[in-house]
Structures are given as structure tokens and as C-alpha cells.
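Reading through the C-alpha cells given below for one structure.
2 protein chains.
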Amino acid sequence: MSKVKVLCYSVSMDGFAAGPDQSLENPMGVGGMALHAWVLPTKTFQAMHSEMTGSAPGEGTTGVDNDFASKGFENIGPWILGRNMFGPIRGAWKADESWEGWWGETPPYHSDVFVLTHHPRKSIEMKGGTVFHFVTDGIESALKKAKAAAKGKDIRIGGGASTIRQYLTAKLIDEMHLALAPVVLGAGEPLFAGLNLPALGYECSKYTPSENAAHLVFRKK
Amino acid sequence: MSKVKVLCYSVSMDGFAAGPDQSLENPMGVGGMALHAWVLPTKTFQAMHSEMTGSAPGEGTTGVDNDFASKGFENIGPWILGRNMFGPIRGAWKADESWEGWWGETPPYHSDVFVLTHHPRKSIEMKGGTVFHFVTDGIESALKKAKAAAKGKDIRIGGGASTIRQYLTAKLIDEMHLALAPVVLGAGEPLFAGLNLPALGYECSKYTPSENAAHLVFRKK
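Residue numbers (my numbering), protein chains in the order written: chain A, 1 to 221; chain B, 1001 to 1221.
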């Protein structure tokens, strides 16, 4: 059966998964890029980036950070994203529906991606096998659709914080890997606030620090 | 001039410095002892513990965790503690004033310790040079008294979370070392909630992970 996973999700040491004021210029919110410093130099990210941009692949680092980055795609089929993970637009979609995600014409998903939104929109087929679907009837419906599309693969909840919090609260996540980055943001999108992980049945089952992040794996008890 | 430091302060990965429901049986709150698992086996803690209890000193570990534990006492003179760090009693002191702290007759401070409280009480002289003073007129008064007693040494703010938050908000802390323990508590005493460290001028200047904790040092920018 498909597992539901959060993987490679970066959080600041004071618990923010993105900085404040997300915009076209600051997709991760102000200061939020620092959360991802651990993954950018990895071989896995370098390969993904070159695939997206068409640039020559960088060499990239191996080791703990790359191991986690690589596991982030292992046996992953469909993704579920919150609407802000897909773009900076709030409210209704623009009439020309020109926004097709942050990732250019070949997004790194190569699978069905279910985007949670209150605003209906037709599916978009991208290069490389990524299809964005827009789900307006809630997290359980999105998960049902993802499972139907999974064909034995696992489902990755890509974020953002609000989406992950909703799935955790509903106890629908089987495994969660967080990368705590050695920065504080002070404001932004909080992951833990008001969330009692032990009470929801989650425990930190693995702690693997690297020089760039404290990697934590959570599983259901 | 004396520096004001928070050192070896343990926090869960979801931001709690103690579990909920502190009591005589659970000085760190329910589940809170897990936060301190990194320090208990260290040579520094083993020596301190044997000094407090009179037991034979354990050998103890050396390495990153012990380096931080040891630095926690380097050039430290007076301490400042919140009232709950001193004991489980809430409200007025008991008539017999028999409570003399968690640490037995020889507390590990060997200096003046200023306890923040709303309830006046006479100072208590303990074995080994520790003197508990009770300060009822606020954090700045306690710091002034500590500085007057410091004689060139530094002042350590021992906690709890509420006390540290007050000193951080007043920008009175020069250096803060947190040990993030690989556990989640889900409830208890939050350290970061509503606290914008970058806006207060603090940044994470050093990240040193060990197998047992992610050590972070914060300094004023």
C-alpha cells in the first residue's frame, strides 16, 4: 500500500518552514532560502536543477545531506502541494491562467501533482510527465485521488507548513523527514505551533546530524 | 565587563524547554528529562552530580557535548533563575520556608544565585558558597544585583523559558547556547513562541551537532 510521506522538509531552528511575505521574488518568503542551504550543493539537487533549467549538471556533494535528498525521490509517485507551494497568486486564478508553477516547463515531479486550492482550474500537463491537478474539496479528497494514481508508489506531501499541519492533525502521514537548518527566522510559516506531535502519535525515531542540518525522521508510534 | 549568558539550555526540536505539569516528581515537567540526555553522561555533569550527592564521581564522556557542558561553567559567577527553576512551589512560600532548591545541601552554583519571584524571602546560605537571594522587583533589578556581585566574572541566566524570554526581549543577553535535543514534547514551556530573535538582533553564529544534540550559539549582530 502507498505510504504518505513528508521528506526533505526544511524548518528553521525556531520552527518556521518559510519566511514571511512570500512573493515572486521570494518564493520561500523573506530569508527562507537559508533553510535550503543544506540541499542546494547536493548531487541530487544539482541533477534536478540542471534537468529543470537545461544547464549542465553540477557535480554536487555526496554524504548525509545527499542521502536524504536522494531518499526524497525514492519510490515517490504522486505529490500533494498546498496552493502557495505552487505559486505566489492568492485568491482567484488570473484570467489567462498563465501561471504554471515555480519550476519552468519541466517540473521535477514527473508524476501527478495535486494542488490544494479553493479555486477550480483545469489540469495542466507539463513536460516530463508532470500533471498539475487542482483539488477544491479538501485534503482527504486530494489524498484519495493521489492514492488512486499512485500505482504502488508512495505519496509525498510537498508542503507548505499549513498543508503538512493539516495532514498531521488528521494523522494521515506515515513518515516525516525534517531538515532543521541552523538559522532562526523569527517570523513566517510555523510548522509546530499548536501541534502536539506525541499526542498525535508521532515520535522522533531517528536523528542524523550533518554539518548543514539536523535531520529528524518521525514515525507513528 | 561581565557578559550575560545563557548556556547549555536544552530545548526540544519543537521548541519546548520543559514538559508540562512541573512537580516534585517531574522537575523538568512530564517528559522533560529527555531534553537533558545529551549532558547526563558527560564528564562535567558526572563530576557535578557526585559533588551534589557525595557519590563517587563517574568517569563521564568527553567530546562535543562535554566541551559545551564544561564551557557552561567557565568564568561564570552569579546566576539568575526564574522561580520555577528553584522549586515546584507556586504562590506564597510555605510558612516553614523548608524548600531550599532542587539540589540538596551543596548546590552546583558556588556563587550568588538571584531567584526571580513575586514573594519576598530571606536569603539562604548553602554549603559550597551558594547563596540564594530572592528578587521581587524584576529582571533588570536582578541583573543589576548580579553584576554588582560578579567581580569580573560572567552572569549565567539559568532559565526557565519565561525568564530567558524576558531577558532576550529586553536585549540583555550577550550570548546564548542552546542544545536542541532530538525529541518532540508537543506541550510545555515554549522558548521561541512569539519571540523574533533576528528582529531582536540575535543570529545563530555557530552550529555544532553531536550525536545527542544540535548545539547552537546565538550572538548579537
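C-beta: ideal position from N, C-alpha, C; glycine also.
One thing to note: Pro108(A) has its Cβ within 9 angstroms of the Cβ of Met52(A). Residues of the segment 15-32 of chain A with a C-beta atom less than 8 angstroms from some C-beta of chain B are Gly15, Gly31, listed in chain order. Contact note: Pro1120(B) does not reach chain A at a C-beta cutoff of 9 angstroms; the least C-beta distance is about 36 angstroms. Glu203(A) and Leu1185(B) have their C-alpha atoms roughly 9 angstroms apart. Pairwise C-beta distances place the segment 1069-1084 of chain B in contact with the segment 1126-1146 of chain B, as three or more of them are shorter than 8 angstroms.
DSSP places Tyr109(A) in the coil class of the three-state scheme, outside both helix and strand.
Residue state for Ala214(A) is assigned as strand, using DSSP reduced to three classes. Assignment of Val4(A) by DSSP, reduced to helix, strand and coil, places it in the strand class. Between the C-alpha atoms of Gly128(A) and Leu1195(B) there is a straight-line separation of about 43 angstroms.
By the Cβ test, the segment 1109-1120 of chain B is not in contact with the segment 174-191 of chain A, since fewer than three Cβ pairs between them sit closer than 8 angstroms. By the CB criterion at 9 angstroms, Leu1200(B) and Thr1169(B) fall inside the cutoff.
DSSP, reduced to helix, strand and coil, places Lys1220(B) within a strand of the structure shown.
Asp21(A): not part of any alpha helix (DSSP H); DSSP gives it neither H nor E. In the DSSP assignment, Phe1192(B) falls outside any beta strand (DSSP E) and carries neither an H nor an E.
Contact of Cys1204(B) with chain A by beta-carbon distance below 8 angstroms involves Met13, Pro182, Val183, Val184. Annotation for His1036(B): Ser1010 place their beta carbon closer than 6 angstroms to its own, counting only its chain and skipping 5 residues before and after. Put simply, the segment 1170-1178 of chain B does not touch the segment 1024-1043 of chain B. Fewer than three CB pairs are less than 8 angstroms apart. According to the DSSP assignment, Arg156(A) belongs to the beta strand (DSSP E) that extends over 154-159. Annotated as proximal: Ala1213(B) and Trp1038(B), with beta-carbon spacing under 9 angstroms. Listed along chain B are Met1013, Leu1180, Pro1182, Pro1209, Ala1214, each with a C-beta nearer than 8 angstroms to that of Ala214(A). Taking Ala1069(B) as the centre and dropping the five residues before and after it, the same chain places the C-beta of Cys1008, Val1039, Thr1042, Thr1044, Phe1045 closer than 7 angstroms to its C-beta, in chain order. Neighbours of Ala187(A) in chain B, taken as residues whose beta carbon is under 7 angstroms from its own, are Asn1196 in chain order. For Val1064(B), the enclosing alpha helix (DSSP H) has its first and last residue at 1064-1071. For Ala193(A), the nearest CB of chain B lies under 9 angstroms from its own CB, placing it at the interface with that chain.
For Leu7(A), no Cβ of chain B is located within less than 9 angstroms of the residue's own Cβ. Secondary structure of Thr1042(B) (DSSP, three-state): strand. Distance from the CA of Asp96(A) to the CA of Ala1179(B), rounded to the nearest whole angstrom, comes to 51 angstroms. If you draw a straight line from the Cα of Pro1209(B) to the Cα of His1049(B), it comes to about 24 angstroms. In the displayed model, Thr136(A) falls within coil according to three-state DSSP, outside both helix and strand. Assigned with DSSP and collapsed to three states, Thr61(A) falls in strand.
A distance below 9 angstroms separates the beta carbons of Gly1159(B) and Gly1082(B).
For the segment 1140-1155 of chain B, there are no residues whose beta carbon sits under 9 angstroms from a beta carbon of chain A.
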